[in-house]
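Below is one structure; the comments refer to it alone.
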Amino acid sequence: MAVSEKCLAITKIAADAINEKLGLDIVALDMTDQLLLSEVFLIATGQNERQVDAIADGVFEALAKVGEKPVRKEGSGQWILLDYSDLVVHI
């Protein structure tokens, strides 16, 4: 099964938002063959806790502009996970 067009679009928006906040090591993994719930796992690194928070806020704001809201948000400081169902963002 391939990643849906919608999921690809929001993954690109999220990756662009991470890049704008100077996130590092941005990697998108196609999880369609491994997981039933998520299509893409987007991973990025921040250099410190403030940057991790800023990256997460940037992703949240960028996806909110296109009508996407996370199902849940976990973590703070050193790592944050934003779950958009088909897309999971781990910073």
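Under our numbering, think of the first position of the sequence shown as -6, with each following residue one higher. Glycine is no exception: its CB is placed at the ideal position from the N, C-alpha and C atoms. Remember, predicted model here, so these are calculated numbers, not experimental data.
Counting C-beta atoms within 10 angstroms of its own C-beta, A37 has 16 or more neighbours from the protein chains shown and is therefore classed as buried.
Within the DSSP bridge table, the entry for A21 names L35 as partners.
In the three-state reduction of the DSSP assignment, V(-4) falls in the coil class, being assigned neither a helical nor a strand state. As the crow flies, the alpha-carbon of A55 is around 21 Å from that of Q40.
In terms of Cβ geometry, V45 and A10 do not form a close pair [threshold 8 Å]. Distance from the Cα of S(-3) is smallest, within the candidate group H83, S78, G70, for S78.
Annotated three-state conformation of L1 is helix, per DSSP.
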